[in-house]
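When we follow my numbering, the leftmost residue of the sequence shown carries the number 2, and every step to the right adds one. One structure is given here, and the rest of the page talks about it.
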Amino acid sequence: MLNMTDTDVAPKRSTKRRVKGRSGCTTCRKRKIKCDENKPSCQKCVTTGRTCDGYESPFILFTSESLEKASAGSILSSWASNTALSASRAVTPQHIDLLNGCLSIKSIGGAEILCKEESKQILQAGVTCPIIRHAMLSLKAFRADLEAVVDDPASDAWPTPTYHFGLEQYSITLRGLASNLLAPGANLSSSPLLCCQILISIEQARMNYVAMAHHILGGLKIMHEHRARPYFIAPSVLAPANHVQLPLLDVFIVKMFAAPCKFADSPTTNSVIGVTDSSSDRSKSPNDKPATSQDFRKIAPNMRTELIKIAGSTLAFLNKVAQVRCAEVALELLSEKAVLLDSLESCTISREHEHSSPEPIPVYFMRLFHQTLKVVLLGALQVESCQNYMATMQIENNRLQNIAHTVNERVKGYTISRSSNNNNKNQEKR
2 MLNMTDTDVA
12 PKRSTKRRVK
22 GRSGCTTCRK
32 RKIKCDENKP
42 SCQKCVTTGR
52 TCDGYESPFI
62 LFTSESLEKA
72 SAGSILSSWA
82 SNTALSASRA
92 VTPQHIDLLN
102 GCLSIKSIGG
112 AEILCKEESK
122 QILQAGVTCP
132 IIRHAMLSLK
142 AFRADLEAVV
152 DDPASDAWPT
162 PTYHFGLEQY
172 SITLRGLASN
182 LLAPGANLSS
192 SPLLCCQILI
202 SIEQARMNYV
212 AMAHHILGGL
222 KIMHEHRARP
232 YFIAPSVLAP
242 ANHVQLPLLD
252 VFIVKMFAAP
262 CKFADSPTTN
272 SVIGVTDSSS
282 DRSKSPNDKP
292 ATSQDFRKIA
302 PNMRTELIKI
312 AGSTLAFLNK
322 VAQVRCAEVA
332 LELLSEKAVL
342 LDSLESCTIS
352 REHEHSSPEP
362 IPVYFMRLFH
372 QTLKVVLLGA
382 LQVESCQNYM
392 ATMQIENNRL
402 QNIAHTVNER
412 VKGYTISRSS
422 NNNNKNQEKR
């Protein structure tokens with residue numbers, strides 16, 4: 002999850018010091034001095050006899066209304082100047098709904114995202130964890146940028162200031178996570194896995210599915226290494242889960258993929274988040290109606306009924322695994338795991354598209370969903386001492402990365418097509 006270098010994410014910018022200052026306490030920011038960011042009260046306030054007014058929750062600085070009113074050039078200043086939620090106030094259902102809606106791009110079309118519990122955990126942890134706050138800021142920035150592109154796909158004003166700000170916060174998040182995970186003798190807290198959920202959502206908003214798969218596999222590896230779930234150290238010997246309750250990233254991943262999607266391919270055009278295939282434009286007749294904003298909101302395919310059903314059964318299975326306390330019960334669950342894996346093997350993804358070339362993008366997304374379910378299931382109640390298991394996991398992980406790469410190339414091709422079309426139109430005007 003943390004192999005990306007800073008140059009892969011965002012170049013150093015002259016505004017770095019100003020951005021970092023946003024995470025200080027309210028009192029130090031008013032005094033315009035550097036805050037030591039100790040929690041719950043910073044020592045600079047305590048040692049000088051001042052009252053520390055707490056820390057802002059950066060994700061809650063923006064509302065959908067303020068996003069609509071803010072111009073691209075004023076977004077960054079709005080983030081710093083809007084009235085903030087102090088750390089002493091409780092997270093409200095409105096805050097949870099706001100974050101929940103940003104965790105998947107499917108919500109742009111009105112789909113309900115069932116990650117409110119995960120959203121609540123993230124927001125509560127973000128009150129005291131600067132890394133999570135930076136991650137939430139990054140997600141919010143990329144989400145605002147994405148919605149701007151979807152609402153105005155013909156715009157050439159990209160990348161926007163919001164996008165650059167998102168990259169800055171992303172870079173800060175990755176550096177903070179790397180420091181925490183690599184610190185000698187550091188015990189894993191919930192922060193890395195909560196941040197991983199946000200990073201997965203960020204890459205979905207950026208349409209970078211290779212990086213999304215990278216975070217999925219990296220987060221699952223952290224889960225297994227730190228015993229977020231019980232596992233077998235030998236064929237009949239069960240090791241209990243870590244006594245510290247860690248976020249269950251596998252549940253979040255399944256929920257994100259299984260969220261309902263109200264979009265399907267149009268018979269006359271292929272589009273993903275406002276980017277279209279140039280071949281579709283060439284095939285249109287002069288009498289075809291111009292594309293509407295809804296035509297540009299084809300985010301992901303309609304999920305097959307059988308995949309959704311398997312995903313629901315997988316969530317029920319993972320819930321049972323979380324409650325396992327003895328090897329006998331765990332062994333019984335292995336048979337349920339085998340049934341789910343068999344169901345995946347028998348679930349065909351694209352039989353009706355096998356003669357089409359190239360396959361529609363929705364087919365690739367379904368393959369990504371299918372392979373992710375397989376990786377999640379294989380990692381549950383694994384036998385650590387089994388060499389065959391390790392080899393199988395490596396093969397399936399590589400397969401997931403390859404599918405993500407294919408999705409990236411297909412989406413990348415559509416993005417290039419849109420840019421080419423815009424450039425051609427501009428040249429024609431000249």
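Where is the CB? At the ideal position from N, CA and C, for every residue including glycine.
What do you get for residue i, buried or exposed, if any count of 16 or more other CB atoms within 10 angstroms of its CB means buried?
| i | result |
| --- | --- |
| Thr315 | buried |
| Asn399 | exposed |
| Pro131 | buried |
| Asp37 | exposed |
| Leu183 | exposed |
| Gln388 | exposed |
| Arg368 | buried |
| Gly177 | buried |
Of the choices the options, whose alpha-carbon is the least far from that of residue i?
| i | options | result |
| --- | --- | --- |
| Leu124 | Leu115, Ala91 and Lys256 | Ala91 |
| Leu194 | Met208, Ile173, His225 and Lys141 | His225 |
| Asn39 | Lys31, Glu333, Thr48 and Arg32 | Thr48 |
| Ile309 | Gln324, Phe370 and Pro359 | Phe370 |
| Met391 | Gln205, Lys222, Ser172 and Leu334 | Lys222 |
| Asn243 | Leu341, Ser237, Arg228 and Leu342 | Arg228 |
| Leu345 | Cys26, Gln372 and Arg176 | Gln372 |
| Glu333 | Ser347, Leu99 and Phe318 | Phe318 |
| Ile109 | Arg51, Glu118 and Leu99 | Leu99 |
| Ala328 | Ser347, Asp343 and Gln383 | Gln383 |
| Ser434 | Thr129, Leu401, Ser336 and Thr161 | Because the chain spans 2 through 431 in this model, residue 434 falls outside it and cannot be assessed. |
| Val1 | Ser237, Glu307 and Gln246 | There is no way to answer for residue 1, as the model of the chain reaches only from 2 to 431. |
| Ser190 | His215, Gln246 and Leu250 | Gln246 |
| Thr306 | Cys348, Glu337 and Val325 | Cys348 |
| Ser120 | His96, Ala112 and Asn320 | His96 |
Grab me the residues of residue i's own chain with a C-beta within less than 7 angstroms of its C-beta, minus the 5 sequence neighbours each way, in chain order.
| i | result |
| --- | --- |
| Arg411 | Ile362 and Tyr365 |
| Leu1 | The structure shown does not extend to residue 1, since the chain spans only 2 to 431, so no value can be given for it. |
| Leu432 | Outside the shown range of the chain (2 to 431) lies residue 432, about which nothing can therefore be said. |
| Arg51 | Thr28 |
| Gly220 | Met2, Leu194, Cys197 and Leu250 |
| Leu335 | Leu382 |
Run through DSSP, which three-state label would residue i get?
| i | result |
| --- | --- |
| Ile34 | coil |
| Leu104 | coil |
| Leu138 | helix |
| Ile311 | helix |
| Val330 | helix |
| Val245 | coil |
| Ala73 | Model confidence at Ala73 stands at a pLDDT of 33, short of 50, so the residue's coordinates are unreliable; what they give is reported in the following sentence. Residue state, collapsed to three classes: helix. |
| Leu239 | strand |
| Ile173 | helix |
| Ile234 | strand |
| Cys43 | coil |
| Cys197 | helix |
| Cys387 | coil |
| Cys26 | strand |
List the whole-angstrom C-beta distance separating residue i from residue j, where the pair is believed to meet the contact cut-off of C-beta under 8 angstroms.
| i | j | result |
| --- | --- | --- |
| Pro231 | Val322 | 7 angstroms |
| Gly167 | Asp146 | 7 angstroms |
| Tyr210 | Val408 | 4 angstroms |
| Ile201 | Ile217 | 6 angstroms |
| Phe143 | Arg207 | 6 angstroms |
| Gln205 | Ile106 | 5 angstroms |
| Ala214 | Ala405 | 4 angstroms |
Go through its chain and collect everything with a Cβ distance to residue i's Cβ below 8 angstroms, but skip five positions before and after it.
| i | result |
| --- | --- |
| Gly313 | Ala259 |
| Pro94 | none |
| Leu342 | Lys375, Leu378 and Leu379 |
Only counting the same chain, and skipping five residues up and downstream in sequence, which positions put a Cβ closer than 6 angstroms to that of residue i?
| i | result |
| --- | --- |
| Ile199 | Ala136 and Leu140 |
| Leu401 | Ala214, Gln372 and Val376 |
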